[in-house]
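Okay, so the sequence shown: first residue is 1 according to the UniProt record's numbering, each after it adds one.
All C-beta atoms in this analysis are idealised placements derived from N, C-alpha and C, irrespective of residue type, glycine included.
Structure, as structure tokens:
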Amino acid sequence: MATQEAPLSFAQESLWLTEEIVPGLTQYQMVVVFEIGGPLDRGRLERSVAATVRRHELLRSRFTRVDGHPRITVGEVEGDVLGFVDLSTVPAGPAADGAVGAVVGRWYRQPIDLHSPPLLRGEVVRLEPERHLLILATHHIVGDEQSIGIVQHELFTCYEAFAAGTEPELPELPVQYADWTTWQREQREPELDDGLTYWAKRLADLPTVPLPVDHPRPAVRTFTCAWADVDLDPGAVDGLQQLARDRGTSLFSVLLAAFDLLLARWTGASEVVVGTPVAGRPEPELENLVGFFVNSVVLRTRCHPDEPFLDLLDRVKRDLAEDLAYDHVPFHRVVERINPPRGRHAHPLYQTAFHIVVPEGGDSGTLADLTVLDRSDEFLRASGVTSEFELVVQAIVAKDRPRVQLQYAVELFAPATMAELADQFGRLVTAIASDPTIAPPLPGFRARPTPSAPAVRAAPPADAGGTVAGPVAVAPAEVLTIVAEELNLPRVDADDDFFALGGSSLTGSRVVQRLRDEHGLAVTLIDLFDAETIGDLVTACGIPAGTSDQPGEAAPEPTGSRSPTPYANARLCALNELAGAGAGVYHTSIAMRLTGEVDVPALRAAMADLARRHEPLRTTFERRDGVTEAVVRDAATSEPDFAVERVAAERRDEAMTRTAAEPFDLRREPPWRVRLFESDGERVLLIVLHRVAADAWSTRPLLADLISAYTARVRGGPPDWAPLPLTYSAFVARHPERCVAGPAGHAAQLEHWRTALAGLPAGAGLRTDRRLPPRPAYRSDRVVFDVPAEAYAGLTGVARRYRANLFMVLQAAVAALLTAHGAGTDVAMGCAVAGRGDRSVDELVGSFANTLVLRVDTSGDPSFNDLVGRVRHVALAAFANQDVPFARLVEEIAPPAGAREQSLYQVSMSLCTEPVVPTDLDMPGLRAELVESGPGLVAQELAFEFTELTSADSGQLWGVLEYATELFDRTTAQGLVDRLVTMLGEYGADPSRPVHG
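Structural data, given as structure tokens:
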């Protein structure tokens, strides 16, 4: 029995409350657009729409309040339902497209007045005499997806009947929506207590798992969204359906489990929470009724990082069966019972939705003498549509084109990020279909960074609810002072751009570390990159720093000669033994030509001074109980391996090469040696250091101290150095998480790397001139190149525009080059980070550097600026997780690789923005200049080394490509360099150009 007034359904009540909180929202707008070809009769179409509205009471109802309670009041159809716009006179081309877009977009953006029926309205747009658009719009409160299909079917049925001169034959509706809402209130209301009790228990202590976003969450959201798609292999979909049958479950369960796995690895969370709509039509009488029946169900899934997929699927199946038994409980009642912290602009309980669509037919058909094409999706994407969620994943299981669509908030995510996520979902389901027993790591599967890494931390909106710690009492001037000190500038202003002032990742990390250490701020390197000005960084410094995953209190300095050994050094010791004669690959050399009279005794004494000042130069390594320990020799008795060698000039390079490659016995001798080569009046000083004792950043303090010590010894006394702030062993003791025998440390960061590097391709895949021999000698050669000033200026401009740095821009270009040279679209590169975030270690010689593996996805057809965005996302995530020792990553992730440490990458890249040697190397009576130390050794196939030098008003960029001569001819290396320089010029001039063009 139809009623003229009725209560709202449970589902409608939820939407009504949302409209009351935020009136005028358009994310609940439902718009469909049909393109109709042929002689359209507009009067007949208007009559058909009106008949459909009359048939369903809800479409001719208004929503009002009666005694304070929302009610549905049924009315009659009054006035025209369809408007009309004639665009046939607009010239074809951009003008016509813009006019059509404006008309359709208005229906997406103009809120529907729920107080003024009819609630199904539309417009006919004439494009040509026999080509029209039909736009139909309604509000979600009166219809769901199934309702749209019902309206479409009945409208076209009516049109065909009227065209034939007959009345439409549609079965009588057994009930109207108001009948359903009345019954629901009478019958279901008493049953809700049990369901609410279930959900309160099921969702107790529900974790908040923020998605790793590319942009800070704004205080006020616009809800504007965009899309990313990936087509699924129809064969893979068939395989998933067979898997569902084999496991006694549904395709929805299989796809949900796959998405849960993707989401867990993307966020780094052990639990994921998504929402899904359920049809909510429990009675057959409701199948053909227009109305809002859909309810939302919160699905909570625990994901174990190492479990096989079938175990996860079985758990999803069990949980889903239990949850769907209570899917009738209104979502807003669940929210009221749980009462989670929420804000005006945040959907409660979940921000990610997942659902599956199985289309019954295609998107086109015939209508009387017309052809009809559904173009809703096309216009939906072009009309600035909004969504209440941060991310909606829709699996469309269409026979002709199965696909996954990601609808995402544009104010939170970059297009490249979502394109990659969609692609990963496609790869993941394909892998599962191929082998359902699969377990992590998954082939071809990568994960986005975890919330502890790249997720941008922004203060919640003022109305977000919950408890937020207040700002730390730090004056903006203190932040500006720290930035100025780290940039070695007299002052900086709030309007200055950190990177335009010469800031780099290294100086940025120091700024961040000081803000955390000195003021307890939770500022991150990502905040620094996202800040357009230093003033923006000041604004970001408003939340106290947490303590999770950070080193604890400083440990006391070691009292004995033995000290813990960092992971990196322990692995270098092991590799040194494995490599045997090839261990020179782990050495670094400094060669200087000395012009003038050398005071050899003073030079020898100066080398001894260096060893006394810097512990790593007098350290050996021993194995005790399976653990490598550092043994620091007594400073008073430690003597360096120093010798003078007289060689013929033509044999000097050979002698230097031999000395640089000669292995160290790290158990018995200090990890450095010094030779003064004399030949025909020329003198070259060669300092060879094992990487266990010194990294590249050690060169500057080593040479500065050498100059001071030699100067003092020539003058007859010891050097008058200021004491070092701390020793290397003290630094190691303060960071036990870096050590093999120390605590695990950095668990979240390690999990980030496990997922980020899962399925990493074996080898670089580059086209080489030869195969690597079974026992490589690791010989290398170098090609030096300049980057033209115009290209350099363009590249720095790209970096500024996209809030990146020059390193990220160069890495994007190198990745594109490697893809073009056969590396594929999954490119891994090694990148060294200084590991000297604390200025107290600036003057230390030692091994602080760490290696990060940066994985670049060049797939699809990205423009260069899109690729820079991808690189930026990956690089910031890597920088935020840079504390995990690379040696530990190799142990955890890589297969055994013999003496080849670089089993995770075969190409490296670096950018030096600060001189690593003193600008003045001269000493009393001597003029010194750096020279080549002979042919080098390289542990990877290619190493790109860029150097940028800047002054107040100019800058220059040049590079070196070091290549393995056992793999590449010099002509090949030169060709790579030439092509790279060309690409840098093209990308700097036009970053919108496709990288594969």
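#1: Quick check: the stretch 262 to 273 against the stretch 157 to 164, are there 3 or more CB pairs under 8 Å?
#2: Give me, in chain order, the residues of the same chain whose beta-carbon lies closer than 6 Å to that of Pro39; leave out the 5 immediate sequence neighbours on both sides.
#3: Taking the continuous beta strand (DSSP E) assigned at residue 1083, which residues delimit it?
#4: Under 8 Å between the Cβ atoms of Val274 and Ala204?
#5: For Leu359, does the three-state DSSP call read helix, strand or coil?
#6: Measure the alpha-carbon distance for Gly596 versus Asp786 and round it to whole angstroms.
#7: Taking 8 Å as the cut-off, decide whether the C-beta atoms of Leu603 and Tyr710 are in contact.
#8: Going by the beta-carbon positions, is the gap between Thr619 and Ala630 smaller than 8 Å?
#9: What does DSSP give as the partner residues of Phe498 in its beta bridges?
#10: Specify the secondary structure class of Pro449 as computed by DSSP and reduced to three states.
#11: Among Glu5, Tyr108, Ser859, which has the Cα closest to the Cα of Arg71?
#12: Nearest by alpha-carbon distance to Leu689: which of Thr982, Val585, Leu926 is it?
#13: Use the C-beta contact count for Gly794: other C-beta atoms within 10 angstroms, 16 or more gives buried, fewer gives exposed.
#14: Express the C-alpha separation of Val81 and Ala812 in angstroms, rounding to a whole number.
#15: Give a yes or no on whether the C-beta atoms belonging to Ala694 and Pro640 are separated by under 8 Å.
#16: With 8 Å as the threshold, decide whether the Cβ of Val931 is near any Cβ in chain C.
#17: Curious, which full-length beta strand (DSSP E) runs of at least 3 residues does the stretch 635 to 682 contain?
#18: Measuring only the C-alpha atoms, how far is Val429 from Val237?
#19: Looking at Arg514: is its Cβ nearer than 8 Å to the Cβ of Ile482?
#20: Reducing DSSP to helix, strand and coil, say where Ala102 ends up.
#21: Which of the three DSSP states, helix, strand or coil, is assigned to His996?
#22: Please report the distance separating the alpha-carbon of Ala744 from that of Trp753.
#23: Under 8 Å Cβ to Cβ from Met983, same chain only, skipping five residues before and after it: list those, please.
#24: Buried or exposed: Ala102, going by 16 or more other Cβ atoms within 10 Å of its Cβ?
#25: If you measure between the beta carbons of Phe292 and Ser88, is that distance less than 8 Å?
#26: Cα separation between Asp319 and Ala325?
#27: Could you tell me which residues DSSP pairs with Tyr963 in its beta bridges?
#28: Please classify Asn339: does DSSP put it in a helix, a strand, or coil?
#29: Around the Cβ of Gly470, are there at least 16 other Cβ atoms within 10 angstroms (buried) or fewer (exposed)?
#30: Among the candidates Ala11, Gly765, Leu810, whose CA atom is the shortest distance from the CA of His332?
#31: For Pro210, which option in Phe259, Trp266, Phe731, Val297 has the closest C-alpha, if you only look at C-alpha atoms?
#32: For Cys303 versus Ala264, is the C-beta spacing smaller than 8 Å?
#33: Could you have a look at Thr858 and say whether DSSP puts it in helix, strand or coil?
#34: Give me the residue from Ala789, Gly75, Thr208, Arg44 with the minimum Cα distance to Ala164.
#35: Throw me the rounded Cβ distance for the Leu240 and Leu251 pair, which I believe falls under 8 Å.
#36: If you draw a straight line from the alpha carbon of Thr950 to that of Ala712, how long is it in whole angstroms?
Taking the definition as stated:
#1: Under the 8 Å Cβ criterion, the stretch 262 to 273 does not count as touching the stretch 157 to 164, having fewer than three qualifying pairs.
#2: If you ignore the 5 residues before and after Pro39, its C-beta comes within less than 6 Å of the C-beta of Glu130, all in its own chain and listed in chain order.
#3: As displayed, the chain neither begins before 1 nor continues past 997, which places residue 1083 out of reach and without an answer.
#4: For Val274 and Ala204, no; Cβs fall outside 8 Å.
#5: It should be noted that the sequence gives Pro, not Leu, for residue 359. DSSP places Pro359 in coil when its eight states are reduced to three.
#6: Straight-line Cα distance between these residues: approximately 33 Å.
#7: Yes; because the gap between Cβ atoms is below 8 Å, this pair is in contact.
#8: Yes.
#9: Among the bridge pairs identified by DSSP, Phe498 is matched with none.
#10: Because the pLDDT at Pro449 is just 34, under 50, the model does not fix this residue reliably, and the value given afterwards should be weighed accordingly. If DSSP states are grouped into helix, strand and coil, Pro449 belongs with coil.
#11: Out of Glu5, Tyr108, Ser859, Glu5 has the C-alpha closest to the C-alpha of Arg71.
#12: Minimum Cα distance to Leu689 is reached at Val585.
#13: A residue is called buried once 16 or more other Cβ atoms fall within 10 Å of its Cβ, and Gly794 is buried on that count.
#14: When rounded, the distance between both Cα atoms is 54 Å.
#15: No, the Cβ-Cβ distance between Ala694 and Pro640 is not below 8 Å.
#16: The structure shown contains no chain C, having only a single protein chain.
#17: Listed in chain order, the complete beta strand (DSSP E) runs (minimum 3 residues) inside the stretch 635 to 682 are 641 to 646, 672 to 679.
#18: Using only the alpha carbons, I get a separation of about 8 Å.
#19: Closer than 8 Å, so yes.
#20: In this structure, Ala102 counts as helix in the three-state DSSP scheme.
#21: In the displayed model, His996 falls within coil according to three-state DSSP, outside both helix and strand.
#22: Only weak support is given to the placement of Ala744: the predicted model assigns it a pLDDT of 48, under 50, and the question is left unresolved by the model.
#23: Closer than 8 Å at the Cβ level, and outside the excluded window around Met983, lie Ala813, Ala816, Leu817.
#24: Ala102 is exposed by the Cβ-count criterion.
#25: Result no, Cβ atoms of Phe292 and Ser88 do not sit closer than 8 Å.
#26: Linking Asp319 to Ala325 through their CA atoms gives a straight-line distance of about 10 Å.
#27: Partner(s): Asp781, Leu942.
#28: Under the three-state reduction of DSSP, Asn339 is assigned to coil, being neither helix nor strand.
#29: With a pLDDT of 31 at Gly470, under the threshold of 50, the predicted position of this residue should be treated as unreliable, though the coordinate-derived value follows. Around the C-beta of Gly470, fewer than 16 other C-beta atoms lie within 10 Å, and the residue is accordingly described as exposed.
#30: Residue Ala11 holds the alpha-carbon nearest to the alpha-carbon of His332 among Ala11, Gly765, Leu810.
#31: Relative to Pro210, the option among Phe259, Trp266, Phe731, Val297 whose CA is nearest is Trp266.
#32: Contact: yes.
#33: If DSSP states are grouped into helix, strand and coil, Thr858 belongs with coil.
#34: Of the listed residues, the one whose Cα sits closest to Ala164 is Arg44.
#35: Rounded to the nearest angstrom, the Cβ distance from Leu240 to Leu251 is 6 Å, consistent with a contact under 8 Å.
#36: Rounded to whole angstroms, Thr950 and Ala712 show a C-alpha spacing of 33 Å.
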